[in-house]
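Participant:
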Amino acid sequence: MTTNHGSFTHRRRVVFFCVPCVLFAKAAGNNYWGSFVLSPCQQYGKLLGADGQITRHKLKNYHNDSILDAERFISVYENKCDSVDDLLVNKQKQEKIENRKRLVPIIKTIILCGQNNIPLRGHRDDGNLNVDSIVSGEGNFRSLLRYRIDAGDSMLANHLSTAGKTATYISKTIQNELIEICGDLIREQILAEVKHATFFTVIGDETTDVNTIEQFTFCLRYVFENKVHEKFISFLPAEDRTGEGLARLILDEIKNLGLNANFMVSQAYDGCSAMSGKFNGCHAYIQKLFPTALYLQCASHSLNLAISDSCFIIIIQNCIGSIKEIYNYFNSSSKRTLYLKQIINNSNKKKLASVCDTRWVERHDAVITFRQLYPFIMTCFEKIIEEETGKNQTLAFNYLKNIQSSCFIISLCILKKCLSMTLPIAAGLQAPDNDIMDCKRLVDDVLFMFKQMRNEKLNEEYGEILSEVKQLCELSGRRTVLMKPSNVQGIKQYI
143 MTTNHGSFTH
153 RRRVVFFCVP
163 CVLFAKAAGN
173 NYWGSFVLSP
183 CQQYGKLLGA
193 DGQITRHKLK
203 NYHNDSILDA
213 ERFISVYENK
223 CDSVDDLLVN
233 KQKQEKIENR
243 KRLVPIIKTI
253 ILCGQNNIPL
263 RGHRDDGNLN
273 VDSIVSGEGN
283 FRSLLRYRID
293 AGDSMLANHL
303 STAGKTATYI
313 SKTIQNELIE
323 ICGDLIREQI
333 LAEVKHATFF
343 TVIGDETTDV
353 NTIEQFTFCL
363 RYVFENKVHE
373 KFISFLPAED
383 RTGEGLARLI
393 LDEIKNLGLN
403 ANFMVSQAYD
413 GCSAMSGKFN
423 GCHAYIQKLF
433 PTALYLQCAS
443 HSLNLAISDS
453 CFIIIIQNCI
463 GSIKEIYNYF
473 NSSSKRTLYL
483 KQIINNSNKK
493 KLASVCDTRW
503 VERHDAVITF
513 RQLYPFIMTC
523 FEKIIEEETG
533 KNQTLAFNYL
543 KNIQSSCFII
553 SLCILKKCLS
563 MTLPIAAGLQ
573 APDNDIMDCK
583 RLVDDVLFMF
593 KQMRNEKLNE
603 EYGEILSEVK
613 QLCELSGRRT
623 VLMKPSNVQG
633 IKQYI
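Taking the working numbering, the leading residue of the sequence shown gets 143, the next gets one more, and so forth.
#1: To the nearest angstrom, how far is it from the Cα of L431 to the Cα of S452?
#2: Exposed or buried, what is G619 when buried is set at 16 or more other beta-carbons lying within 10 Å of its beta-carbon?
#3: Are the beta-carbon atoms belonging to C615 and I551 less than 9 Å from one another?
#4: Across the segment 204-214 and the segment 158-168, are there enough close Cβ pairs to call them in contact, namely three or more that are closer than 8 Å?
#5: According to DSSP, simplified to helix, strand and coil, what is I355?
#6: Run through the segment 450-503 for me and flag every whole alpha helix (DSSP H) of 4 or more residues, listed as ranges in chain order.
#7: Can you check whether the CB of S464 is closer than 9 Å to the CB of Y541?
#8: Excluding the five sequence neighbours on either side, which residues of its own chain have a C-beta within less than 6 Å of the C-beta of A293, listed in chain order?
#9: For S547, name the three-state secondary structure that DSSP assigns.
#10: Within 10 angstroms of its Cβ, does K369 collect 16 or more other Cβ (buried), or is it exposed?
#11: Could you pull out every residue in the same chain whose Cβ sits closer than 6 Å to the Cβ of Y436, ignoring the five residues on either side in sequence?
#12: When we look at the beta-carbon of A508 and count the other beta-carbons within 10 Å, is it buried (16 or more) or exposed?
#13: Would DSSP call T310 helix, strand or coil?
#14: Which word fits L201, buried or exposed, when buried means at least 16 other C-beta atoms lie within 10 angstroms of its C-beta?
#15: DSSP puts R640 in a beta bridge; with which residues?
#16: With DSSP run on the structure shown, which of helix, strand or coil describes P379?
#17: Between which residues of its own chain and T479 is the CB-CB distance below 8 Å, once the five residues before and five after are set aside?
#18: By Cβ distance, which residues of its chain are closer than 8 Å to C324, with the 5 residues on each side in sequence left out?
#19: Between V588 and I567, how many whole angstroms is the CB-CB distance? I'm expecting something under 8 Å.
#20: According to the Cβ coordinates, are L482 and L515 closer than 9 Å?
#21: With contact counted as at least three CB pairs below 8 Å, one residue from each stretch, are the segment 373-388 and the segment 302-316 in contact?
#22: Which residue marks the beginning of the alpha helix (DSSP H) containing E213, and which one marks its end?
#23: In terms of residue numbering, what span does the beta strand (DSSP E) encompassing A410 cover?
#24: Between the alpha carbons of M595 and Y604, how many angstroms are there, rounded?
#25: Can you name, in chain order, every residue of its own chain whose Cβ lies under 6 Å from the Cβ of G423, other than the five neighbours on each side?
#26: Check K599 in the structure and name its three-state DSSP category.
#27: From E372, R329, T304, pick the residue whose C-alpha is nearest to that of G346; which is it?
#28: Just verifying my parser: in three-state terms, what is the DSSP assignment at F283?
#29: Identify which residue in D351, I607, I510 has its Cα closest to the Cα of S562.
#30: Determine the extent of the alpha helix (DSSP H) in which I396 is found, giving its start and end residues.
#31: Am I right that I526 and I545 are in contact with their C-beta atoms under 8 Å? What's the rounded C-beta distance?
#32: Here's the rule: buried if 16 or more other CB atoms are within 10 angstroms of the residue's CB, otherwise exposed. What is H425?
#33: Kindly give me the distance between the Cβ atoms of R513 and K558, rounded to whole angstroms, as I take these residues to be in contact under 8 Å.
#34: Could you give the distance in angstroms between the alpha-carbon of F158 and the alpha-carbon of R244?
#35: For L391 versus L378, is the C-beta distance shorter than 9 Å?
#36: Starting from the N-terminal side, write out each stretch of the alpha helix (DSSP H) that is 4 residues or longer and does not extend beyond the segment 498-581.
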């Protein structure tokens, strides 16, 4: 305190505060608290007793609340209980765990559709999922969710019944996000293997999707744990389809994936000019920057071109064209397809196979199927001629006469024989674990069989083909014209 002369003097005084209330008291105004909190208690004569200030202070509600807060603070400080922050964090963790559990059946359903090539969407793919009423056109995804609930998935049922309209996580937007997340996780795993392997090969091909957008399929080939892997990475929209544009597209994707293009040891594409051009092809632009990235043309594509170029005999081409037309004739009409199914019996083939326009090797299935169903096809045409009129009757008559001709029968039998030898090499060349020596052995084996067929075993092979030709001619009512021994060598033009 200050004296009259301006000097300071210190006096000791005993005052009383309620420490819990000073630290933790809560009230609307300062006047509410009174002594022991904002101001000390200095009236010592009225401290104790039933009517004492301490007794009256203990009866205050804010004092009791402050005592509880103080005890809770001490417990938290001594780690005897969780703090409010910890309780909030734990609650958030629990909510995260709960929300993740809610997503599990939804994610599993999306993965199931992806693994089995099942489309997700329908015409009515928005809004809440009503478990009790089935609405047509909701799509496979929502139908599978309803099926899970019906099978006893209580977690999914509880989620859809308690979640808000904007928190069901089954909209098409969430579906796309979950699909992208699944794709990112798979891609990360593949890239981790590629980086561990160090060296890799780029495999690519371009095609037009249903929206007429040119898509470049980007794949990687690498060796991981002593096994060769070929993995799809992404579809890349190709706006610039020139060799330079495609090369830029590939190199940008390699950079985006975090890979080092210096470790690209080869590039594998088809034989189109944009890819295989010596100066302006995609591989040429990449090799200018990375000389070690050797260009390897697709072996199966080369085989397809070789077989296609080797087939110059007109009756063979006509035979394949007739098989394709007859397939389209039956496939374009459910009534004609039903005719054929009713006639076919004792055969594991129940319908004709389509003729692939771009892959000669895969036409083997179409030829084999046609040969196996040959007698049923003739019977079906005869039935259509008897029961139908107009254009259908005319087409059936022309097709029947065509397949009953000697040229068609001979071509069919020769195609069946030759393509049966090229089919294994087509499958083998596309095997991901084959190396160049395996491919060479496959090619050598096929060439050896053809050479034997043309030289050493010509009479034997000719006899087998002729026997089958005679059998089909008898079925068609044709008379078989046998070749003289001196004319046997003429079969070489076919095989």
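Even for Gly, the Cβ is constructed at its ideal location relative to N, Cα and C.
Bear in mind the structure is a predicted one, so any value in this text is a computation, not a measurement.
Facilitator: Judging by the given coordinates:
#1: 37 Å
#2: exposed
#3: yes
#4: yes
#5: coil
#6: 456-473, 476-485
#7: yes
#8: none
#9: coil
#10: exposed
#11: Going by the sequence as given, residue 436 is Leu instead of Tyr. Closer than 6 Å at Cβ, skipping near neighbours: S408.
#12: buried
#13: coil
#14: exposed
#15: The first residue shown for the chain is 143 and the last is 637, placing residue 640 beyond what the model contains.
#16: strand
#17: F472, N473, K493
#18: I249, I252, I253, G256
#19: 5 Å
#20: yes
#21: no
#22: 203-219
#23: 406-411
#24: 9 Å
#25: G385, M417
#26: coil
#27: E372
#28: helix
#29: I510
#30: 385-398
#31: Not a contact, Cβ separation roughly 13 Å.
#32: buried
#33: 5 Å
#34: 57 Å
#35: yes
#36: 505-514, 516-529, 533-545, 548-571
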